[in-house]
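Engineer: My structure is below; once you've seen it, I'll send some questions.
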Amino acid sequence: MSTSTEQVPNPPPGLPQKKTSGKVLACMAIIVIVSSSTFWLLQNRNSNPTPGQHQAKPSATSLTSIPTWTVTAFKPSPLAIFFDMFAGNFHGWSLGNNDGYFRFMVNDSLILSTMNPNSTLVESFPTITNLDNYVVSIDFMINQADARDSMGLYLRGDSTLDHDYRIDINGNNTLDIAKEYLDTRQSGQTELLVPPAPSAYLKPLGHANTLTVFMIGPTIIAEINNIVVMTTTDSEYTNGQIALFARHHSSPRGIVVSFTRAEIDRLASPFMRPTPTPTLTPTASPGQP
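No gaps in the numbering here: position 9 of the sequence shown is 8 in numbering that gives the first Met the number 0, and each next residue is one more.
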């Protein structure tokens, strides 16, 4: 509650001061109570879990990390086959909170958070199940994480995401390109196609970034804030699903990531490449730091 420092003038001498009757005060109290109750009910109605699911309420720690910025108007490309700025769940993203995992939309943002150690929260793009060549772009902010946490994209993944390519944005302000697969014992393995490397174009924790990835045949090209930072080639996976993820290692607070745009575009041509820019970071190659 705020208080004004403006002084109210005294009434002229000889004039009686108006007194507030008891009835008026009682009416005012009732209005305040009803307004407060209505606001509380609306807040609880908006935070009800998805029907049919038993869901935990977000902790106070995770809620304090929710962004409050206003998204600038953005127009999708004519080549867009999927576009969302999270003003509402019109596309049918999987939302809900359960056992330390949180997926919800607020302030025109999709929020992913996990508090569970050594866990990954996956959010598959809805209605988009099997794509080969495309450009995918996300606007995101890592609101809370430690150096060993990460977030990013799964690309050309199978239905269980046991075989896929993965773009990692790590809590220590590095990024990498990985390939996941099952070995002969059906145990999950990760091969780093491009090892973790810092980039001057990747803004740190608490700042908005754009990650854009070109999937063109066997070539994978990653841009950070419209600057090419990594390229690699691998021909094993040719199509599959796209998914967002947030991975938590072991810090007490967990990881909180917010997304304000997700877009998938068709390639303008099969020979499309990102437009060169005057100042590029050195392009990392497989096997080089």
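C-beta: ideal position from N, C-alpha, C; glycine also.
Since the structure is predicted, the reported quantities are computational estimates derived from the model, not experimental observations.
Could you check whether A199 and G170 sit closer than 8 Å to each other, using their CB atoms as the reference points?
Structural biologist: No, these two residues do not count as a Cβ contact at 8 Å.
Engineer: Residues bridged to T218 by DSSP?
Structural biologist: I215, T232
Engineer: If we count the other Cβ atoms within 10 Å of its Cβ and call it buried at 16 or more, is F89 buried or exposed?
Structural biologist: Exposed, since its Cβ has fewer than 16 Cβ neighbours within 10 Å.
Engineer: Hey, could you find the ends of the beta strand (DSSP E) K178 is sitting in?
Structural biologist: 173-181
Engineer: Here's the rule I'm using: 16 or more other beta-carbon atoms within 10 Å means buried, otherwise exposed. How should N129 be labelled?
Structural biologist: exposed
Engineer: Can you name, in chain order, every residue of its own chain whose Cβ lies under 6 Å from the Cβ of V290, other than the five neighbours on each side?
Structural biologist: Residue 290 is absent from the model: the chain starts at 0 and stops at 288.
Engineer: Considering only their Cβ atoms, is the gap separating I220 from T230 smaller than 8 Å?
Structural biologist: yes
Engineer: From the DSSP secondary-structure annotation, give me the bridge partner or partners of P291.
Structural biologist: The structure shown does not extend to residue 291, since the chain is modelled only from 0 to 288, so the question has no answer here.
Engineer: By how many angstroms is the C-alpha of E179 removed from the C-alpha of F103?
Structural biologist: 27 Å
Engineer: Starting from M104, trace the beta strand (DSSP E) both ways and give me its first and last residue.
Structural biologist: 100-105
Engineer: Classify N115 as helix, strand or coil using the three-state DSSP reduction.
Structural biologist: DSSP places N115 in coil when its eight states are reduced to three.
Engineer: Helix, strand or coil, according to DSSP, for M140 in the structure here?
Structural biologist: strand
Engineer: Roughly how many angstroms lie between the CA atoms of D98 and V227, to the nearest whole one?
Structural biologist: 38 Å
Engineer: Is it the case that the segment 107-120 contacts the segment 250-264, given that we only count it when at least three CB pairs across the two stretches are under 8 Å?
Structural biologist: yes
Engineer: Between P197 and T173, is the Cβ-Cβ spacing less than 8 Å?
Structural biologist: yes
Engineer: Output yes or no for whether 8 Å exceeds the beta carbon distance between L152 and I137.
Structural biologist: Contact: yes.
Engineer: Specify, as a first and last residue, the run of the beta strand (DSSP E) that R366 falls within.
Structural biologist: In the structure as shown, the chain begins at 0 and stops at 288. Residue 366 is therefore absent and cannot be evaluated.
Engineer: Would you list the one or two residues that DSSP bridges to N96?
Structural biologist: F101
Engineer: Is the separation between the beta-carbon of H248 and that of N117 shorter than 8 Å?
Structural biologist: Yes. Within cutoff.
Engineer: Ignore the nearest five residues each way along the sequence and tell me which others in T237's own chain have a CB closer than 8 Å to its CB.
Structural biologist: D131, R155
Engineer: For M150, which three-state DSSP category applies?
Structural biologist: strand
Engineer: From R260 to T211, what does the alpha carbon distance come to, in whole angstroms?
Structural biologist: 11 Å
Engineer: Tell me the DSSP bridge mates of D163?
Structural biologist: E179.
Engineer: In angstroms, rounded to a whole number, what distance separates the CA positions of D264 and P77?
Structural biologist: C-alpha separation (whole angstroms): 8 Å.
Engineer: Which of the three DSSP states is assigned to F244 in this structure?
Structural biologist: strand
Engineer: Name the DSSP beta bridge partners of G290, please?
Structural biologist: Nothing in the structure corresponds to residue 290, since the chain is present only between 0 and 288.
Engineer: Is Q188 helix, strand or coil by DSSP?
Structural biologist: In the three-state scheme derived from DSSP, where H, G and I count as helix and E and B as strand, Q188 is classed as strand.
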